[in-house]
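Colleague: Structure in structure tokens, see below.
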Amino acid sequence: MDRRRLPITVRAPAAVASRRGTRRGVRRRPASRLQRAGRMPRRVALALVLSAVLLPSRFRVQVESPPARPACAPAGRGVPPRHWLGCAADPGDRRPLAADERLVLALPLDPNTAGARELAHVPGLSRRLAEAVVRSREQDGPFRTADDLRRVRGIGPRRLEQARGALRIEAAP
Numbered sequence: 001m002d003r004r005r006l007p008i009t010v011r012a013p014a015a016v017a018s019r020r021g022t023r024r025g026v027r028r029r030p031a032s033r034l035q036r037a038g039r040m041p042r043r044v045a046l047a048l049v050l051s052a053v054l055l056p057s058r059f060r061v062q063v064e065s066p067p068a069r070p071a072c073a074p075a076g077r078g079v080p081p082r083h084w085l086g087c088a089a090d091p092g093d094r095r096p097l098a099a100d101e102r103l104v105l106a107l108p109l110d111p112n113t114a115g116a117r118e119l120a121h122v123p124g125l126s127r128r129l130a131e132a133v134v135r136s137r138e139q140d141g142p143f144r145t146a147d148d149l150r151r152v153r154g155i156g157p158r159r160l161e162q163a164r165g166a167l168r169i170e171a172a173p
């Protein structure tokens, strides 16, 4: 008999394999595996295995996986529907990612353009601190560096170090 892999795979539970006195990892014949896993008579299990091996390939069930999608580098393209992140290969004009899109993609946020809702998701910043950052930005102007965030009451060196990885100050146009 040809030693090719069978088109079906049957796995017996570990409890069944250990009850029969065999060790885990020891391979069994497919017929005995079918018989023990499903508690079916040996002749039925043997008939199933033989039919799977001896039937012509056109009668066997072929399971095909869908083709792999090409990798998508998220980038803003065109005028998408709401909450849509376009791929770099999508048609349309390039646009900057919005703050909520950057949040979904785990990209750093710009505290000069992000709203309080998005800034509240930055590590080290709570909802109240995010609102205070927005208030400070509106009153005192934009932040030039990440260290300028220390002017907000409640943000000290420890909180700033927690938030530094999730913040990036974009250069003013």
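FYI, the UniProt record's numbering numbers position 6 of the sequence shown as 6, with every residue one higher than the one before it.
Note that the Cβ used here is the ideal one computed from N, Cα and C, for glycine as well.
As the structure is a prediction and not an experimental result, all values here were calculated from the model.
1) Between the C-alpha atoms of Ala15 and Leu55, what's the straight-line distance to the nearest angstrom?
2) How would you call Arg153, buried or exposed, if buried means at least 16 neighbouring beta carbons within 10 angstroms?
3) Pull up the DSSP beta-bridge partners for Leu109, would you.
4) Rank Pro157, Arg168, Leu50 by C-alpha distance to the C-alpha of Gly124 and give the top, closest one.
5) Count the other C-beta atoms from every protein chain shown that fall within 10 angstroms of the C-beta of Val49, then say buried if there are 16 or more, exposed otherwise.
6) Report all residues from its chain with a CB closer than 6 Å to the CB of Arg159; omit the five preceding and five following residues, and keep chain order.
7) Start and end of the alpha helix (DSSP H) containing Leu119?
8) In or out: Pro111 buried (at least 16 other Cβ within 10 Å) or exposed?
Modeller: Short version:
1) For the purposes of this step, residue 15 is taken as the residue at position 15 of the sequence shown. For the purposes of this step, residue 55 is taken as the residue at position 55 of the sequence shown. Unreliable placement is indicated for Ala15, whose pLDDT of 43 sits below 50; no coordinate value is reported for it.
2) Taking the first residue of the sequence shown as 1, we reach residue 153 at position 153. It is exposed - the Cβ of Arg153 has fewer than 16 other Cβ atoms within 10 Å.
3) Within the sequence shown, residue 109 is the residue found at index 109, counting from 1. The partner list for Leu109 (beta bridge, DSSP) reads Leu167.
4) Counting from 1 along the sequence shown, the entry for residue 124 is found at position 124. Cα-wise, what sits closest to Gly124 is Pro157.
5) Counting from 1 along the sequence shown, the entry for residue 49 is found at position 49. It is buried - the Cβ of Val49 has at least 16 other Cβ atoms within 10 Å.
6) The count along the sequence shown starts at 1 and reaches residue 159 at position 159. For Arg159, where only same-chain residues beyond five positions count, the Cβ hits under 6 Å are Gly124.
7) Taking the sequence shown and counting its residues from 1, one reaches residue 119 at position 119. Where Leu119 is concerned, the enclosing alpha helix (DSSP H) stretches over 116–119.
8) In the sequence shown, residue 111 corresponds to position 111, counting from 1. Under this definition Pro111 is a buried residue.
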